[in-house]
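Residue numbers (my numbering), protein chains in the order written: chain A, 21 to 297; chain B, 697 to 1032.
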Ligand code: SF4
């Protein structure tokens, strides 16, 4: 699953067209577009809206082990050595209001130049706002990183920023922004391919027949994802301590629980049983 | 090797050290990222150790505390109260599936401390304060890495050898699996430096010691080191359990001593796979399909290892085989 975040609809437009994404009306708080494996969310400008949107989307997913998230957007550049319309992969995000830094793990073999980006709470119109920061500036990346890293590992997040101005942002129109992103679409598309091709580790499986025990208990008690993970760890420990999975676990599945609270009670007793062995 | 070091994360405080300049010069194409404190990068939550192994980053930092540690019970310390270790460099370019580093650290990235002089000063300061004055301070220099494996680009090995050679009452052990011994020629060996080579049967190397040199290349390297006057310890540790572990390991011992002069071996140590229980949990999560998890393992006093009966068998069979070549006082089995 790939989630793409943009702040503005005009930034998203070329991606929506390229991947033929359709608006998903089941999302009511933000504009969300989907097709197959790709979901795109538009947050609105600023750190807070970004944090809320990314959190909103990630919190709705039941399994994030294979999820990847990409922020695409325009950014200002403090130096003219960074060309207008050039795309950078961000390797460090500095939150200028807290001083905190975020680091996506750059593990794909990409061919984009990399840069550091600082997020400000107001539009960076000249170097006096950017202070001594050298690199890229925006108003969202720190919010994106803070929210994404609450749910995902640093290897699951990527930020691609396209230089839209050299701290002289007032001349930018929505159409202009779309044009900038569209101009870099081949590079962004290539990046998306690389991200999608990156293999993430599968969630751990026990060797058979332990896995079969997990599967049966999961179905029998209709366990949540978190409960499955807990069960897996408990069984591993149990196996380590006693060399086998004790056989009487099936009695905890019968009769099938008729409510979530009964399921949870039964699950706790089952874990106690395994731990007691 | 897994390393490409396309990125160097440079801590502010490390910027002006000569070792920083030397290392950066060895990676001219690396992307340089200036960071305030290495911990902000190294200790991030939810990092994926195995994924990172496929694209290691280099972190250059200053070590401010814990310049020297007391040895832990899982280490092979010959019951010496004088046993210490330090971490001039953290993490390794090799990728052994049993490696405890993946349980110990959040990150697989290579963390190099550029203030090696401070680490040396800590050792110098501890020598007169060692618990057993009649024996030297025993320092394991590379428990958290393989210094020799990366010495051509991260030159830490040589300064430590030079430091150790002139120090009194100090015995330094440097563990390695490397075959890169060409550089040893330009360094004078020292009587108080032990190069400790870990050897494993080729099948184990193929299956779980990723990116490490083949057994024959290690044997060749050991031969070169011996010829150049280095003191060499052999380490068959950890022994990995499989149905035919005795055949694998006994045949390897025979191979070692047909190619190496037994009289030139300082000593040999061996022990079963063992790991702290908490580290084991993380290893299990990180490598759910590893051969390591297929061994018969039990927990005893917080350490996960072979069941006691099998440990006894291991001690007997390996000791018997080794005593065909070495006197008993040179054979050191690990025991809980
Ligand atoms: S050589 Fe040693 S430190 Fe390096 S990965 Fe293997 S066990 Fe770990």
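In this text, a Cβ means the ideal position worked out from N, Cα and C, and glycines have one as well.
C-alpha gap between residue i and residue j, whole angstroms
i	j	result
residue 30 of chain A	residue 194 of chain A	6 Å
residue 179 of chain A	residue 109 of chain A	6 Å
residue 97 of chain A	residue 980 of chain B	45 Å
residue 214 of chain A	residue 236 of chain A	37 Å
residue 91 of chain A	residue 1004 of chain B	54 Å
residue 803 of chain B	residue 754 of chain B	11 Å
residue 57 of chain A	residue 900 of chain B	39 Å
residue 150 of chain A	residue 157 of chain A	8 Å
residue 870 of chain B	residue 133 of chain A	39 Å
residue 125 of chain A	residue 200 of chain A	26 Å
residue 858 of chain B	residue 886 of chain B	8 Å
residue 1029 of chain B	residue 291 of chain A	38 Å
residue 736 of chain B	residue 192 of chain A	36 Å
residue 832 of chain B	residue 866 of chain B	5 Å
residue 964 of chain B	residue 243 of chain A	51 Å
residue 745 of chain B	residue 982 of chain B	7 Å
residue 258 of chain A	residue 287 of chain A	16 Å
residue 218 of chain A	residue 89 of chain A	12 Å
residue 733 of chain B	residue 113 of chain A	14 Å
residue 784 of chain B	residue 738 of chain B	15 Å
residue 891 of chain B	residue 801 of chain B	25 Å
residue 289 of chain A	residue 1006 of chain B	34 Å
residue 2 of chain A	residue 231 of chain A	Residue numbering for chain A in the displayed model covers 21 to 297; residue 2 of chain A lies beyond these limits and cannot be assessed.
residue 206 of chain A	residue 294 of chain A	54 Å
residue 238 of chain A	residue 81 of chain A	19 Å
residue 720 of chain B	residue 740 of chain B	24 Å
Same chain, Cβ closer than 8 Å to residue i, neighbours up to 5 away in sequence not counted
i	result
residue 818 of chain B	763, 764 and 782
residue 917 of chain B	874, 875, 876, 877, 893 and 909
residue 968 of chain B	934, 935, 937, 1001, 1002, 1006, 1007, 1010 and 1030
residue 944 of chain B	897, 899, 900 and 938
Per-residue contacts from residue i into chain A (C-beta, under 7 Å)
i	result
residue 1033 of chain B	Outside the shown range of chain B (697 to 1032) lies residue 1033 of chain B, about which nothing can therefore be said.
residue 970 of chain B	Simply none; closest approach about 13 Å.
Residue i burial status per 10 Å Cβ neighbour count (16 or more: buried)
i	result
residue 778 of chain B	buried
residue 173 of chain A	buried
residue 48 of chain A	exposed
residue 714 of chain B	exposed
residue 71 of chain A	buried
residue 813 of chain B	exposed
residue 119 of chain A	exposed
residue 933 of chain B	buried
residue 152 of chain A	exposed
residue 830 of chain B	exposed
residue 970 of chain B	buried
residue 196 of chain A	exposed
residue 730 of chain B	exposed
Own chain, CB closer than 7 Å to residue i, minus 5 neighbours either side, in chain order
i	result
residue 797 of chain B	787, 788 and 840
residue 698 of chain B	For residue 698 of chain B, the predicted model reports a pLDDT of 44, less than 50, meaning its position is unreliable; a value from the coordinates is still stated below. Only 749, 750, 752, 789, 791 and 907 meet the Cβ criterion.
residue 86 of chain A	21 and 220
residue 55 of chain A	39, 40, 41 and 42
residue 976 of chain B	799 and 1000
residue 852 of chain B	784, 785, 812 and 843
Residues that residue i contacts on chain B, provided the C-beta gap is smaller than 8 Å
i	result
residue 127 of chain A	747, 748, 750 and 751
residue 111 of chain A	703, 727 and 729
residue 34 of chain A	Those within 8 Å of residue 34 of chain A in chain B number zero; the least Cβ separation is about 27 Å.
Listed by chain order, chain B residues near residue i by CB distance under 9 Å
i	result
residue 174 of chain A	740, 741, 742, 743 and 744
residue 134 of chain A	703, 727 and 729
residue 206 of chain A	Per Cβ cutoff of 9 Å: no residues; residue 206 of chain A is ~22 Å from chain B at best.
Contact set for residue i: own chain, Cβ-Cβ below 6 Å, skip 5 residues either direction
i	result
residue 716 of chain B	710, 756 and 810
residue 26 of chain A	32, 62, 92 and 93
residue 106 of chain A	183
residue 163 of chain A	67, 70 and 71
residue 1014 of chain B	966
residue 846 of chain B	789
residue 652 of chain B	Nothing in the structure corresponds to residue 652 of chain B, since chain B is present only between 697 and 1032.
residue 834 of chain B	776, 778, 779 and 867
residue 1012 of chain B	none
Under 9 Å by beta carbon: chain A residues contacting residue i
i	result
residue 732 of chain B	119 and 121
Around the ligand SF4, Cβ to any heavy atom closer than 6 Å, ordered along the chain | B/788, B/790, B/791, B/792, B/795, B/797, B/841, B/842 and B/873
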